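Below is one structure; the comments refer to it alone.
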Amino acid sequence: QLWQTDFTYLKVIGWGWMYLSTILDDYSRYIIAWKLGTSIKAEDVSETLELALKTSGCDQARARHKPRLLSDNGASYISGDLADWLEDKGMSHVRGAPYHPQTQGKIERWHQTLKNRILLDHYFFPGALEASIEAFVDHYNHHRYHESINNLTPADVYFGRGQAILEQRDRIKRKTIESRRLHHREVAA
Numbered sequence: 002q003l004w005q006t007d008f009t010y011l012k013v014i015g016w017g018w019m020y021l022s023t024i025l026d027d028y029s030r031y032i033i034a035w036k037l038g039t040s041i042k043a044e045d046v047s048e049t050l051e052l053a054l055k056t057s058g059c060d061q062a063r064a065r066h067k068p069r070l071l072s073d074n075g076a077s078y079i080s081g082d083l084a085d086w087l088e089d090k091g092m093s094h095v096r097g098a099p100y101h102p103q104t105q106g107k108i109e110r111w112h113q114t115l116k117n118r119i120l121l122d123h124y125f126f127p128g129a130l131e132a133s134i135e136a137f138v139d140h141y142n143h144h145r146y147h148e149s150i151n152n153l154t155p156a157d158v159y160f161g162r163g164q165a166i167l168e169q170r171d172r173i174k175r176k177t178i179e180s181r182r183l184h185h186r187e188v189a190a
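Residue numbers (my numbering): 2 to 190.
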């Protein structure tokens, strides 16, 4: 299991820059946790990771291998404090090649998708920005289909419903094709 993480920045008019820390499941693209704050520190990363561990249930699991963390080489990710925190939690950390954001392509794309939607509005209060992010995360996880994961939602894949949905789609498709064949034969006869 691999989690990608990164920060992006968003402007709140009259307040300045806010920084969004996000944890994304690499396989399903499910946004496990996110946190909006005013800084980019190792503490912000560990707080977001705490949310992710709690949300995913990994904090309670007696697993031999916890999720690996994939990040860039930002100051908050190369910090000794974060390394100590990850070691304490039994998590390993992989960093992408310097100046190669494609290594963390999924989280980079997620931030671009988020910004393309929420930056259509202006935000004057951090709470309004947070509410927009929360609504978009819900939409992204539960309603937005991804071509790269067989036109399923991240939640469908993350929670293991994907195969059943694909099988149901296949049954419907076969039934529809058979129905059309019968109709075509009737019309042609």
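Glycine is no exception: its CB is placed at the ideal position from the N, C-alpha and C atoms. These numbers come from a predicted model, not from an experiment.
For a quick check, are the C-beta atoms of residue 24 and residue 53 less than 7 Å apart?
yes
Are the CB atoms of residue 159 and residue 29 within a distance shorter than 7 Å?
yes
On a Cα-Cα basis, can you pick out the residue from 189, 190, 2, 7 that is closest to residue 97?
7
Segment contact, 8 Å Cβ cut-off, at least three pairs: the segment 122 to 142 with the segment 13 to 22:
yes
Taking only the alpha-carbon atoms, compute the straight-line gap between residue 70 and residue 105 and give it to the nearest angstrom.
11 Å
DSSP puts residue 18 in a beta bridge; with which residues?
12
Rounded to a whole number of angstroms, what is the C-alpha to C-alpha distance between residue 87 and residue 46?
10 Å
Residue 43 and residue 80 closer than 7 Å at C-beta
yes
How should residue 202 be labelled, buried or exposed, when 16 other C-beta atoms within 10 angstroms of its C-beta is the threshold for buried?
Any property of residue 202 remains undetermined from this structure, which presents the chain solely from 2 to 190.
Let me know the alpha helix (DSSP H) ranges lying completely inside the segment 89 to 121, each 4 residues or longer, listed in chain order.
106 to 119
State the DSSP-derived secondary structure class of residue 79, mapped to helix, strand or coil.
coil
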